[in-house]
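Quick note on the working numbering: the sequence shown kicks off at 113 and runs consecutively.
Each residue gets a CB set at the ideal place from its N, CA and C atoms; glycine is no exception.
Scroll down for the structure; my scribbles are underneath it.
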Amino acid sequence: MAVHRYRLRELEALRALITAGTTVGAAQRLGISQSAVSRALTQLESRVGRALFERASGRIEPTEHALRLNDRLDPLFATLADIEGTDWSARAEEPLRLIIPPTLAHHFIIPKVAKFIQAAPNRRVQLDIQATDVLVSGILDGRYDLGLTSGMIQRSGVTLIPWRKSKVVCAMPENHPLARNDVIVPADLQGADIVGFLGRLGTRTLMDQILGLAGVQYNLLAETATNMAALELVREGLGVTFINPFPLVSRHMTGIVVRPFKAPIEYRTSFVVPTGKPPTDLARQFMRFVRLSTPKDPYSEPA
113 MAVHRYRLRE LEALRALITA GTTVGAAQRL GISQSAVSRA LTQLESRVGR
163 ALFERASGRI EPTEHALRLN DRLDPLFATL ADIEGTDWSA RAEEPLRLII
213 PPTLAHHFII PKVAKFIQAA PNRRVQLDIQ ATDVLVSGIL DGRYDLGLTS
263 GMIQRSGVTL IPWRKSKVVC AMPENHPLAR NDVIVPADLQ GADIVGFLGR
313 LGTRTLMDQI LGLAGVQYNL LAETATNMAA LELVREGLGV TFINPFPLVS
363 RHMTGIVVRP FKAPIEYRTS FVVPTGKPPT DLARQFMRFV RLSTPKDPYS
413 EPA
């Protein structure tokens with residue numbers, strides 16, 4: 113059945129308002145008047161029989177039904193793009209402003225960004241690679257649309273959308289005595305040489321608490337800020353470290369042995385978006401693309 117033009121305009125208005133957050137911004141995206149946007153949305157709400165937006169503190173917020181409806185529109189606009197040679201879903205689209213910490217960026221996400229763009233060449237992505245604290249401030253300031261991190265963030269103004277979960281592991285040189293163990297427990301680390309993390313990081317605090325409660329005395333030989341740096345120090349034979357295995361050890365790492373560590377530490381790798389503002393269309397598309405294209409691995413699972 114053909115899509116009537118007036119109904120298509122209503123759906124375009126829905127997507128534009130969810131992305132822009134204001135009727136003025138939606139009108140600019142579509143090249144029509146603000147009143148035309150409001151009229152189209154009123155007609156759509158009448159057609160579906162429920163409110164799609166709510167006004168709160170001077171802002172227009174989409175309801176859950178509006179967000180679900182918007183998600184279901186992606187195939188429609190993709191089909192129209194194929195038929196008419198115009199990408200309706202990305203027309204007048206701003207680039208996706210993406211920020212990722214170094215480990216996730218270089219060891220997982222950069223190939224995903226390339227494939228995401230290749231799947232629809234009209235997409236544009238601005239990728240910044242920064243530490244998690246810079247990521248959070250950038251999302252809060254509105255300089256980025258979407259972040260992705262395994263950091264333990266507790267900050268108002270940003271919302272975490274869980275993606276993967278994983279449990280802490282113990283990594284050591286392949287000739288280390290503990291490599292004979294199937295599982296490492298805190299008591300195994302009595303007197304061990306440890307490569308740890310800087311005190312400002314949440315993982316360091318948790319590990320100190322776990323080893324302290326077990327009465328374990330160890331030798332802290334080095335401290336670093338990233339999993340990759342910790343693993344390289346371990347590869348050089350400095351000792352044992354504790355890390356989030358995703359995504360670094362999803363594949364074999366030469367010279368390093370990884371064992372489960374019996375401790376109540378679970379990592380969450382999450383997308384980061386500003387609180388109170390729905391993700392842009394490109395941000396939602398990227399999140400969906402990453403979820404669908406992430407292969408299974410022995411150390412993590414969907415959150």
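Item to check | Distance between T315 and Y105 (C-alpha atoms, nearest Å) | outcome: The requested residue 105 is not part of the displayed model; the chain covers only 113 to 415.
Next on the checklist: I'd like to confirm the pairing. Which residues does DSSP put opposite Q93 in its beta bridges?
Outcome noted: Because the chain is modelled from 113 through 415, residue 93 falls outside the range shown and cannot be assessed.
Next on the checklist: Am I right that Y379 and V281 are in contact with their C-beta atoms under 8 angstroms? What's the rounded C-beta distance?
Outcome noted: Their Cβ separation, rounded to whole angstroms, is 10 angstroms, which puts Y379 and V281 out of contact at 8 angstroms.
Next on the checklist: Taking the beta strand (DSSP E) that E378 belongs to, which residues open and close that run?
Outcome noted: E378 to P386
Item to check | Minimum C-alpha distance to L272 - residue among T387, L239, R236 and I172 | outcome: T387
Next on the checklist: If we require 4 or more residues per run, which alpha helix (DSSP H) segments fall completely within the stretch 217-301?
Outcome noted: 222-231 and 244-253
Next on the checklist: Between I211, P274, L323 and F165, which has its C-alpha nearest V237's C-alpha?
Outcome noted: I211
Item to check | Delimiting residues of the beta strand (DSSP E) encompassing V307 | outcome: D305 to F309
Checklist entry - Out of curiosity, what's the CA-to-CA distance linking T154 and F165? => result 10 angstroms
Checklist entry - By DSSP, does A326 sit in helix, in strand, or in coil? => result coil
Checklist entry - At which residues does the beta strand (DSSP E) containing R371 begin and terminate? => result I368 to P372
Next on the checklist: Considering Cα atoms alone, identify which of R235, L290, V270 and V328 is closest to V246.
Outcome noted: V270
Checklist entry - When DSSP labels each residue in this structure, what does P390 get in the three-state scheme? => result coil
Item to check | Any chain B beta carbon closer than 8 angstroms to D409 | outcome: Absent from the structure: chain B. Only one protein chain is present.
Item to check | Contact belief for T261 with S382 at Cβ below 8 angstroms, rounded distance in angstroms | outcome: 7 angstroms
Checklist entry - Would you call the stretch 326-342 and the stretch 298-308 in contact, with 3 or more CB pairs under 8 angstroms? => result yes
Item to check | Among E413, Q397 and A148, the one whose alpha carbon lies nearest that of R184 | outcome: Q397
Checklist entry - Helix, strand or coil: how does DSSP classify A163 here? => result coil
Item to check | Collapsed DSSP secondary structure at P414 in the structure displayed | outcome: strand
Checklist entry - Whose CA, out of T338, A231 and P372, lies closest to the CA of Q242? => result T338
Item to check | Coarse secondary structure for T317, derived from DSSP in three states | outcome: helix
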